[in-house]
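Beneath this line is the structure, given in structure tokens, with notes to follow.
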Amino acid sequence: MSSTNDGVTSGSPRAFAVRILINRFDRSSGFDAQLASEAFLGLEPRDQVLVKELINGTCRWRGTIDFFISALSRKPLSRLDKEVLWILRTAIYQIVFLRVPNHAAVNEAVSLCRHFRKRSAAGFVNGLLRSFLRGRPEIPEDHSVESLAIRFSHPSWLVERYVNRFGLAKAKRLLSRNNTVPEPVVWVNPFKTTRELFLERLRAEGIEAAPLGQLPAAAVIKAPRFHEHPLYREGSCFFMDPSSQRIANLVDLSRCEWVADVCSAPGGKAMILASQLRPEARLICADSSWRRLDQMKKRFEHHGVRGVSLALADLTGQAPWRAQFDFVLADVPCSGLGTIRSNPDVRWSVHPAELDRYHIRQLQILRNAFAGLKPGGEMVYSTCSTEVEENEEVVNAFLQSQKNAAVFGDFIRTFAEEASGDGFFAARIRRL
Ligand SMILES: C[S@@+](CC[C@H](N)C(=O)[O-])C[C@H]1O[C@@H](n2cnc3c(N)ncnc32)[C@H](O)[C@@H]1O
805 MSSTNDGVTS GSPRAFAVRI LINRFDRSSG FDAQLASEAF LGLEPRDQVL
855 VKELINGTCR WRGTIDFFIS ALSRKPLSRL DKEVLWILRT AIYQIVFLRV
905 PNHAAVNEAV SLCRHFRKRS AAGFVNGLLR SFLRGRPEIP EDHSVESLAI
955 RFSHPSWLVE RYVNRFGLAK AKRLLSRNNT VPEPVVWVNP FKTTRELFLE
1005 RLRAEGIEAA PLGQLPAAAV IKAPRFHEHP LYREGSCFFM DPSSQRIANL
1055 VDLSRCEWVA DVCSAPGGKA MILASQLRPE ARLICADSSW RRLDQMKKRF
1105 EHHGVRGVSL ALADLTGQAP WRAQFDFVLA DVPCSGLGTI RSNPDVRWSV
1155 HPAELDRYHI RQLQILRNAF AGLKPGGEMV YSTCSTEVEE NEEVVNAFLQ
1205 SQKNAAVFGD FIRTFAEEAS GDGFFAARIR RL
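Laid out in structure tokens, this is it:
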């Protein structure tokens, strides 16, 4: 087995998928970075599609798949080699969800044992998969948290939260929707084109494309591998969840002179903010990560974004500017638990104890972001989380200590169950 600098394995698409999954959960190496590696991009397009399907699908159904493996293995999952466990998980995903012929899935899994130098496990993998094919362990059908966790493939702690908060019926709808694949939505870039021209051109090429809801620049595109289309390559659009677009469109910026986006990388919402400003207005995009700022700079150049300055700033401390802004967006770092549909791995990587740590950091960032507002200015605090510790509880704690702040309108929540996009939270806050 050969391995590149970024740890992504060369070899068959199935070997790639297993290595990417191990890197994701054992080395915290995100899918995006791994899928941008040279090794992955060197694969045939068809194989790239299969790798993505295997990593996303196996994460989506990991809870159910692990139930099957536990029922058939004498060893507990925690004592299986990680390579062996992921080989089994991806094989069962293929058998149940991809309708790969049974014998092919088993043979591939056995040869992956050799590929990952786990020859001694080949017999175990072969035996377990053949037992699975002879008879699938029955999934419990009651309404207990454990049963829902297996059936809907979520960690028990998250199922318990949903049930306690929303009741059984709504929790089940939410769990079920979390396992669906979102439709591909783009933001059409007004620095390059208009949505009308963009859609006209796609339709003329026979590509199914339509405007989306109330959002001024959103479009649903039904075309496989649209990221290879010239319009995508030249920066006329990029993929962006509709809820995310909605957050950036909450406030009318046409009268603002000074605007800040204080947690701005990779810059999706910043581009929407920039597109709404008058030419003489300024947008400061800050982030605490130099690497992410640099990537954002290149992204802005590629997309023709104008009127933006970048700043390296850690908003858990005092910001490097005065109280000068008419509008500030604080789209803070969060657990990402609202994005389970788009990122099926998130449900397995977040630990509930982390929510309190996020809360503390989010509150610090909110306070320091607010300090940049001039009197009468407005800000949006937002997360892509559904959890109250990161949302309502942060804003309420902030309001208790900040007497010159007031929430404007209701909290905005886009739970994946109702909206077409991810689960987002936003609060509009005024400086009095
Ligand atoms: C949710 S992402 C922002 C997404 C962005 N608004 C968009 O729409 O593309 C959060 C960002 O906050 C940055 N960040 C994390 N801690 C920070 C801090 N203490 N101060 C400023 N930025 C921070 C991260 O580097 C990350 O880029």
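Mind the numbering: the sequence shown is residues 805 to 1236 in the working numbering, read in order. Just so it is clear, CB atoms sit at the ideal spot from N, CA and C, and this is done for glycine as well. As the structure is a computational prediction, the values presented were derived from the model and not from experiment.
Nearest to L1035 (by Cα), restricted to the options T997, F1202, L876, V1066
Your numbering for residue 1035 matches position 231 in the sequence shown. Ranking T997, F1202, L876, V1066 by Cα distance to L1035 puts T997 first.
Is C1067 near ligand 1, judged by its Cβ being under 7 Å from some heavy atom?
Taking the sequence shown and counting its residues from 1, one reaches residue 1067 at position 263. Under cutoff, so the answer is yes.
What are the residues that DSSP puts in a beta bridge with M1044?
Counted from its first residue, the sequence shown places residue 1044 at position 240. The partner list for M1044 (beta bridge, DSSP) is empty, contrary to what the question assumes.
D1118 CB to nearest heavy atom of ligand 1 below 7 Å:
Locating residue 1118 in the sequence shown gives position 314, counting from the first residue. Yes; taking the cut-off as 7 Å, the Cβ of D1118 has a heavy atom of ligand 1 nearer than that.
Nearest CA to the CA of A1115: which residue from H1031, V1024, F1042, L1087?
What you label residue 1115 is simply residue 311 of the sequence shown in a count that begins at 1. Among H1031, V1024, F1042, L1087, the Cα nearest to that of A1115 belongs to L1087.
V822 by DSSP, collapsed to three states: which one?
Indexing the sequence shown from 1 puts residue 822 at position 18. Residue state for V822 is assigned as helix, using DSSP reduced to three classes.
Residues bridged to A1022 by DSSP?
If you number the sequence shown from 1, residue 1022 lands on position 218. In the DSSP assignment, the residues bridged to A1022 are W991.
Cβ neighbour criterion (16 or more within 10 Å) applied to G1142:
Taking the first residue of the sequence shown as 1, we reach residue 1142 at position 338. Note on G1142: 16 or more other CB atoms within 10 angstroms of its CB, so buried under the neighbour-count rule.
Answer yes or no: the CB of G1176 versus the heavy atoms of ligand 1, is any distance below 7 Å?
Here residue 1176 refers to the residue found at position 372 of the sequence shown. No - ligand 1 has no heavy atom lying nearer than 7 Å to the Cβ of G1176.
Any idea if I869 is buried or exposed, counting beta-carbon neighbours within 10 angstroms, 16 or more meaning buried?
Working through the sequence shown from its first residue, we reach residue 869 at position 65. Looking at its Cβ environment, which holds 16 or more other Cβ atoms inside 10 Å, I869 is buried.
Neighbour-count burial assignment, H1031, 16 or more Cβ in a 10 Å radius:
Against the sequence shown, residue 1031 aligns to sequence position 227. Only exposed fits H1031, as fewer than 16 other CB atoms lie within 10 angstroms of its CB.
Measuring straight from C-alpha to C-alpha, what distance separates E1000 and R1007?
Locating residue 1000 in the sequence shown gives position 196, where the first residue counts as 1. Locating residue 1007 in the sequence shown gives position 203, where the first residue counts as 1. Straight-line Cα distance between these residues: approximately 11 Å.
Measuring alpha carbon to alpha carbon, tell me which of R1145, F820, I1051 ends up nearest L858.
For this step, residue 858 is matched to residue 54 along the sequence shown. Sorting R1145, F820, I1051 by C-alpha distance to the C-alpha of L858 places F820 at the top.
Could you tell me the alpha carbon to alpha carbon distance between A1078 and R1110, rounded to whole angstroms?
Position 274 of the sequence shown, counting from 1, holds the residue named residue 1078. Position 306 of the sequence shown, counting from 1, holds the residue named residue 1110. The straight-line gap from Cα to Cα measures roughly 7 Å.
Look at L1170 and F1202 and say whether their C-beta atoms are less than 8 Å apart.
Translated into positions along the sequence shown, residue 1170 becomes position 366. Translated into positions along the sequence shown, residue 1202 becomes position 398. For the 8 Å CB-CB criterion, L1170 and F1202 form a contact.
When the Cα of T984 is compared with those of D1226, A1230, R1235, L1236, which residue comes out closest?
In the sequence shown, the residue the question calls residue 984 occupies position 180. The option with the nearest alpha carbon to T984 is D1226.
Buried/exposed call for A908, threshold 16 Cβ in 10 Å:
Your numbering for residue 908 matches position 104 in the sequence shown. Under this definition A908 is an exposed residue.
Please confirm whether any heavy atom of ligand 1 lies closer than 7 Å to the CB of I1144.
Within the sequence shown, residue 1144 is the residue found at index 340, counting from 1. Short note on I1144: C-beta not closer than 7 Å to any heavy atom of ligand 1.
If you measure from the CB of S1093, is any heavy atom of ligand 1 nearer than 7 Å?
Walking along the sequence shown from the start, residue 1093 turns up at place 289. Yes.
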